[in-house]
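Each remark here refers to the structure printed beneath this line.
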Amino acid sequence: MKKIFALFMAVVLVGITMTACSTNTKSSTSSTTSEVTGSLTAAGSSALAPLVQVAADNFQQLNPKASVNVSAGGSGTGLTQVANKSIDIGNSDVTAESKLTADQAATLKDHQICAIGVAAVVNSDVTVTNLSKQQLSDIFTGKITNWNQVGGADEAITLISRPESSGTRALFKQYALDNAIESSNTALSSDDSGTLETNIASTKGSIGYLAFSYLVGKYDVKKMSIDGVAPTLENVYNGSYPVWGTEHMYTNGEATGVTKAFLDYMGTDTFQTQMENLGYNVISKMTTAAGKH
């Protein structure tokens, strides 16, 4: 009887060992992920470009056989190009429906990545630090032309404007100017935020507007409060600062391959933690008081 029991236990132990080996083999196989390869191009919003570039650099380090090309050009350009399938991702500060025909917009898939604030920005010689929304609107529509009309020095106001294709312009028009028609200064107009920031910094008495992402670590221009509320990430989160919008990354149809892998990476907790340091608001942290933009 003892011999039979011993033989039985030996068979059981062998079975357990084989099962364990089989389980380990399956676990090893399932943990192996396929290598990401291929290339993609993302273009459009200059406000979103710095974030996408950082994501691209990180993603390519993790996936050496993948290539991500990032450029700006404006939201309108990005949306048109992704609708025409000449790029893989169209970055935009505004919805596709606001820039494209209904048929074009219907083919696109919206990936909402983050939120971005936009600040009125002035040359460092301007002494005014706060404007009401009405004063801001009057400046950008040409009704107020001198800083002494809003409590500043006797100095002409120079507008630094953006083209109508600009998504940042659309956000600023809607939420800062209450849809008033902005005057344009074609001599100093640019949808390249880096160029625009340089123009403001080098032109005395000037005013323009920039996404928060272009103001991180910048001290050669000054941010303007609106109705006493400073343009900060926290004030966007709590709903007290009104000039912000959702950032969109559009694909033509569902994302696949390297494009899907890249968008998935941008949605990871690891990357989301970097957003605020780069001047962007994390969508999941937006309060109900902020509403939807």
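Numbered per mature numbering (1 follows the signal peptide of the UniProt record, and there is no 0), the sequence shown spans residues -22 to -1, 1 to 271. Even for Gly, the Cβ is constructed at its ideal location relative to N, Cα and C.
Pull up the CB-CB distance for residue i and residue j, whole angstroms please, since I reckon it's below 8 Å.
i, j, result
"Val99", "Tyr153", "16 Å between Cβ atoms; not a contact."
"Ser184", "Asn101", "5 Å"
"Tyr215", "Thr265", "6 Å"
"Thr55", "Gly22", "6 Å"
"Ser203", "Thr107", "6 Å"
What residue does the beta strand (DSSP E) around residue i start on, and which one ends it?
i, result
"Thr229", "222 to 230"
"residue 272", "This structure gives no information on residue 272, because the portion of the chain shown stretches from -22 to 271."
"Tyr187", "184 to 189"
"Ala50", "44 to 51"
Specify the secondary structure class of residue i as computed by DSSP and reduced to three states.
i, result
"Leu18", "strand"
"Ser262", "helix"
"Ser168", "coil"
"Thr1", "Confidence at Thr1 is low in this model, with a pLDDT of 39, below 50, so the placement of that residue should be treated as unreliable; the coordinate-derived value is given next. The answer is helix: DSSP assigns Thr1 an H, G or I state."
"Val194", "coil"
"Lys200", "strand"
"Ser8", "Bear in mind that the predicted position of Ser8 carries a pLDDT of just 32, short of 50, making it unreliable; the figure below should be weighed with that in mind. Of the three classes helix, strand and coil, the one that applies to Ser8 here is helix, per DSSP."
"residue 278", "The structure shown has nothing for residue 278, since the chain only spans -22 to 271."
"Leu174", "helix"
"Val32", "helix"
"Thr126", "A quick correction: the sequence has Asn, not Thr, at residue 126. Residue state, collapsed to three classes: helix."
"Ser70", "strand"
"Leu26", "coil"
"Thr136", "strand"
"Val96", "strand"
Assuming residue i is part of the alpha helix (DSSP H), what are its boundary residues?
i, result
"Asp242", "235 to 244"
"Ser115", "111 to 118"
"Thr251", "247 to 253"
"Thr105", "Neither: Thr105 is in no alpha helix (DSSP H) and is coded neither H nor E."
"Leu149", "145 to 153"
Quick check: residue i and residue j, are their CB atoms within less than 8 Å of each other?
i, j, result
"residue 274", "Val194", "As displayed, the chain neither begins before -22 nor continues past 271, which places residue 274 out of reach and without an answer."
"Asp71", "Leu188", "no"
"Leu114", "Leu256", "no"
"Asp170", "Pro141", "no"
"Phe190", "Phe37", "no"
"Ala267", "Gly217", "yes"
"Gly95", "Tyr228", "no"
"Gly235", "Ser143", "no"
"Leu109", "Val128", "yes"
"Ala61", "Lys201", "no"
"Gly231", "Lys87", "yes"
"Ala33", "Tyr243", "yes"
"Asp66", "Thr237", "yes"
"Thr146", "Ser24", "yes"
"His271", "Gln90", "no"
Mind checking if residue i is an interface residue toward chain E, Cβ cutoff 8 Å exclusive?
i, result
"Val199", "The chain labelled as chain E is not found in the depicted structure, where only one protein chain is given."
What I want to know is whether the C-beta of residue i ends up closer than 7 Å to one or more non-hydrogen atoms of the ligand MN.
i, result
"Gly16", "The model on display carries no ligand, and the ligand MN is accordingly not part of it."
Checklist line | Cβ contact check for the stretch 46 to 64 and the stretch 12 to 21: 3 or more pairs under 8 Å | finding: Short answer: they touch.
Next item on the list: Check whether the stretch 239 to 254 touches the stretch 120 to 129, counting contact only when three or more Cβ pairs, one atom from each stretch, lie closer than 8 Å.
Entry: In short, these stretches do not touch, since the Cβ pair count stays below three.
Notebook entry, point to check: Using 8 Å as the Cβ pair cut-off and three pairs as the minimum, do the stretch 155 to 165 and the stretch 128 to 141 touch?
Noted result: Yes: at least three Cβ pairs fall under 8 Å.
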